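*Asks:* Our numbering numbers the first residue of the sequence shown as 52 and each following residue consecutively. Beta carbons: idealized from backbone N, C-alpha and C, even for Gly. Bear in mind that the values here come from a model prediction, so they are computed numbers and not experimental data.
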Amino acid sequence: MTENPAPTTGDGGYTAPDLALFGAEHVRRYVETGGAVGHSWNGVTCLVLWTTGRRTGQRRATPLIYTSDGDRFVVIASQGGAPAHPGWYHNLLAEPKVEVQVLADRFTATARTAEGTEHERLWSLMAQRWPNYDEYTKRTTRRIPVVVLERG
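1) Which partner residues does isoleucine 116 have in the DSSP bridge list?
2) First and last residue of the beta strand (DSSP E) that includes leucine 200?
3) Taking its Cβ as the centre, do 16 or more other Cβ atoms sit within 10 Å of threonine 53, making it buried, or is it exposed?
4) If you compare alpha carbons, which of Ala135, Gly167 and Thr161 is closest to arginine 190?
5) Taking the alpha helix (DSSP H) that valine 82 falls in, what are its first and last residues?
6) What does the alpha-carbon distance come out to for the pair alanine 133 and threonine 107?
7) Return yes when the Cβ of threonine 113 is within less than 8 Å of the Cβ of tryptophan 92, no when it is not.
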């Protein structure tokens, strides 16, 4: 898979990412190839997060941009700056035991929302990887959650 640069305009503005591989197809190909297809997306790395639907009880898979922080993984519940949190975030609030796949490594994890200075530090780390996160904050009045995934 060819890596594309992270989408920015060069002047700090927002540029829409290439969505040709995202959503259900992204998950399918990521899982089938052990992350060989789908781990690298628009110049950043992605994992797959499985949550349990808070209303249906069904497992839901979502591809997300991530970074590592020590032995933990960090994702952002941005939904592109939409007014409401994404469904997967509501699901993990109801049931923080989740499943994660990073490349071919699939494991259980516990999800929690970063708060205070940890939120700020991890937000900065993620915004360095995907500058559009800072743009998303301008589209919404909600505080966009930073989620920490810890094995076990």
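*Replies:* Working from what's here:
1) Among the bridge pairs identified by DSSP, isoleucine 116 is matched with Cys97.
2) Note, leucine 200: beta strand (DSSP E), 197 to 202.
3) Caution applies to threonine 53, whose pLDDT of 34 falls short of 50 and renders its modelled position unreliable; the model cannot decide the point.
4) Nearest neighbour of arginine 190 by Cα position, chosen from Ala135, Gly167 and Thr161, turns out to be Ala135.
5) 75 to 83
6) 23 Å
7) no
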